[in-house]
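Reviewing the structure listed below.
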Amino acid sequence: MPVSADLNQNIAQMKKLFDRDKTMITRRVTPPGWPEGAICLFFCDGMVNATSINENLIRPLTLMAPPAKGVDRLRYLEESVVQTNEARQSDDWNDLVYSMVYGDTILFCSGCEKALVLNTKGFAMRGIQEPDGETVLKGPREGFTEGILRNLSMLRRKLRVSELKQEYLTLGTVSKTVCALCYIDGVVDQKVLAEVRSRLKTVDMDGVFDSNYVAEMIRDHKKSPFKTIGTTERPDVVAAKLLEGRVALFVDGTPVVLTMPGILIESFQSSEDYYVGFQFAAISRILRMAGFFLAISVVPIYIALMTFHAEMLPTPLLLSIASARQGVPFPSVLEALGLLTAFDLLREAGTRTPSAIGQTLSIVGGLVVGSAAVEARFASAPMVIIIAFSGITGLMIPKLKSAVIIIRLGLIALVSCAGLYGYLIGMAALLAHLASMQSFGVNMLASSPLAELGNHEDSLMRVPFARMKKSGRFLSRRERT
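By the working numbering, the letter at position 354 of the sequence shown is numbered 337, and the numbering carries on one by one without gaps.
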């Protein structure tokens, strides 16, 4: 049904579409020399800037001079009267409804078969803050918010070139969530860009309320514990990845931005690595990698040694552990699983409770549970130490938290059956799995998605910027050819 020239019919249609919706506000205006109530405004309360409507719409409409004879009324209003930064004509009811519920004001004029869509957005949004999960001691402290336009403006401040392209699309048949695909023209890998576009076209969901909705639909290896799509809430990280030739997807309503392709080394990198000296950055990155290895290996190796290979331990250490385990009724496997469960429960409780008491709950709870378990002979002191060490090292790599938990449990199951041989089999299977994984056509074990063979200046360690200036991080494809 198109927009009618009969104003009353359009008003009736809007009221029918928003029946029993108390947030829809109707405001009729009579410009000088026009018939009474010749213009009607529709907008959603709470989604608009009331000052903008009063000063940029209602006031100019009530003070405007009448148009000359033969002049199109709607075009006259659009070009000479309303004072919003965006104004366009539309005769599509679906477009009008979507625009109004997103904060725009719809203007109907008597005798016009189209309506004006006026930008009056003014809904409340959270201020710019540092992301809790990506805090740094040195470097920018700003993070994305839930507003996509603000997020895109923050990215534009980092990359002030016309080659930065933003392709808008809508996902979710009901939610109609606005998304933006960003890349740098001339730098982006065209094969990756084409693959991302192709997969986004296959997203068929009623509602998209977070970027993870999209990530799970378009990622490779959906059953793998390793994510093949990068995520971040920091503008500087997104800008740096776009300079590497990647693609970023912004989703309205969430501060988390997807970057594609995603590779394993990203999980061990931190934005702070580029704001401190390269020596400290290299040491920090090596520690994160060691932390991942220890998080998945310490507990399985300890269980294997205690269950199958006790003769491999020095005699004094073996006697000390045996003495500590006296009176513990459970085998090492059940002992470890029980303590790991308790550790994860305390960590989850500390995360979900208010921040004022969450940290205290985790620390005090861990001390109380560990001490009580040892005193009650439900667990040995060495096992408590091993579990605590494994848990702490796992916290060094938050992006691999879920992968650490799953891999550790899998290795525990293997070593409980085959000892260290099971551990070696599990690690070999893990490496084979990683070697077979790809993200949008890029190997997960690549040091950089677009780096040439031998270009590893920013992989295991970060070298000085003087040696990185010709790496994929700073050099576009055009400059490398």
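Think of the CB as a built atom: it goes at the ideal place given N, C-alpha and C, for glycine as much as any other residue.
8 Å CB neighbourhood of residue i in its chain, flanking five on each side removed
{"i": "N(-7)", "result": "V(-14), S(-13), C23, F91, A98"}
{"i": "G126", "result": "I111, Q112, E113, P114, E117, E216, R217, P218, P238"}
{"i": "E199", "result": "K205"}
{"i": "A222", "result": "L138, K141, L142"}
{"i": "V175", "result": "G228, R229, V230, M243, P244, F423, G424, V425, P432"}
{"i": "I408", "result": "L397, A401"}
{"i": "E129", "result": "M108, R109, D235, G236, T237, P238"}
Neighbourhood of residue i by C-beta distance below 6 Å, restricted to the same chain and skipping five residues each side
{"i": "R124", "result": "E113"}
{"i": "S399", "result": "V316"}
{"i": "P447", "result": "F261"}
{"i": "F47", "result": "The amino acid occupying residue 47 in the given sequence is Met; Phe does not appear at that position. So the qualifying residues of the chain are P14, V64."}
{"i": "H289", "result": "Just to set this straight, residue 289 is Met in the shown sequence, not His. If we look at M289 and ignore the five residues flanking it on each side, its Cβ neighbours are S315."}
{"i": "E146", "result": "I167, D168, G169"}
Buried versus exposed, by CB contacts within 10 Å (16 or more), residue i
{"i": "E165", "result": "Checking the sequence shown, residue 165 turns out to be Cys, not Glu. With 16 or more Cβ atoms within 10 Å of its Cβ, C165 is classed as buried."}
{"i": "Q309", "result": "exposed"}
{"i": "F276", "result": "exposed"}
{"i": "M(-3)", "result": "buried"}
{"i": "Y151", "result": "exposed"}
{"i": "E435", "result": "Only weak support exists for where E435 lies, its pLDDT of 41 falling under 50; the coordinates are left without a value."}
{"i": "L270", "result": "exposed"}
{"i": "T9", "result": "exposed"}
{"i": "N102", "result": "buried"}
{"i": "K184", "result": "exposed"}
{"i": "I131", "result": "buried"}
{"i": "T376", "result": "buried"}
{"i": "S250", "result": "buried"}
Within 8 Å, strictly: CB atoms of residue i and residue j
{"i": "K121", "j": "V259", "result": "yes"}
{"i": "M427", "j": "L417", "result": "yes"}
{"i": "I370", "j": "A319", "result": "yes"}
{"i": "G402", "j": "A287", "result": "yes"}
{"i": "I167", "j": "L225", "result": "yes"}
{"i": "M420", "j": "T214", "result": "no"}
{"i": "A265", "j": "M444", "result": "yes"}
{"i": "P50", "j": "R56", "result": "yes"}
{"i": "V186", "j": "V179", "result": "no"}
{"i": "A307", "j": "L301", "result": "no"}
{"i": "G405", "j": "F326", "result": "no"}
{"i": "I248", "j": "S385", "result": "no"}
{"i": "M7", "j": "F106", "result": "no"}
Proximity to residue i [Cα-Cα], best of the options
{"i": "T160", "options": "M366, M137, W76, S82", "result": "S82"}
{"i": "V281", "options": "I395, K174, G348, K224", "result": "I395"}
{"i": "K104", "options": "E69, W76, G333", "result": "E69"}
{"i": "N195", "options": "D172, A177, D235, D168", "result": "D235"}
{"i": "K5", "options": "G16, F26, N37", "result": "F26"}
{"i": "T45", "options": "G29, V12, I36", "result": "V12"}
{"i": "M188", "options": "L397, I201, F106, V179", "result": "I201"}
{"i": "L(-10)", "options": "R3, E19, D28", "result": "E19"}
{"i": "E62", "options": "W76, D75, N77, L40", "result": "L40"}
{"i": "F536", "options": "D28, A411, D193, V171", "result": "The structure shown does not extend to residue 536, since the chain is modelled only from -16 to 464, so the question has no answer here."}
{"i": "V170", "options": "I89, V347, K148", "result": "K148"}
Own chain partners of residue i with C-beta closer than 7 Å, once the 5 adjacent residues on each side are dropped
{"i": "S73", "result": "L79, K97, A98, V100"}
{"i": "E255", "result": "V119, L120, K121, G122"}
{"i": "V367", "result": "L322, G353, A356, V357"}
Check: residue i C-beta below 7 Å from any heavy atom of the ligand FAD
{"i": "R10", "result": "This structure lacks the ligand FAD; in fact it carries no ligand of any kind."}
Return the chain-ordered ranges of every beta strand (DSSP E) run that is complete within the stretch 200 to 244 and spans a minimum of 3 residues. If we require 3 residues or more, the beta strand (DSSP E) runs fully inside the stretch 200 to 244 come out as 213 to 215, 230 to 234, 240 to 243.
Going residue by residue through the stretch -14 to 60, where are the continuous alpha helix (DSSP H) segments of at least 4 residues, counting only ones entirely within it? Runs found: -10 to 0, 33 to 36, 42 to 46, 56 to 59.
Report task. Identify every run of the beta strand (DSSP E) within the stretch 68 to 140, keeping only runs that are complete inside it and at least 3 residues long; order them along the chain. Result -> List check, beta strand (DSSP E) in window: 70 to 73, 87 to 92, 98 to 102.
Query raised in the report: In chain order, which beta strand (DSSP E) runs of at least 3 residues are fully inside the stretch 165 to 200?
Result: Within the stretch 165 to 200, no complete beta strand (DSSP E) run reaches 3 residues.
Check: Fully enclosed by the stretch 293 to 325, which alpha helix (DSSP H) runs are 4 residues long or longer?
Finding: Correct list: 298 to 307.
Practice problem: Go through the stretch 322 to 372 residue by residue and report every complete run of the alpha helix (DSSP H) that reaches 4 residues or more, in order. | Solution: Complete alpha helix (DSSP H) runs here, min 4: 338 to 358.
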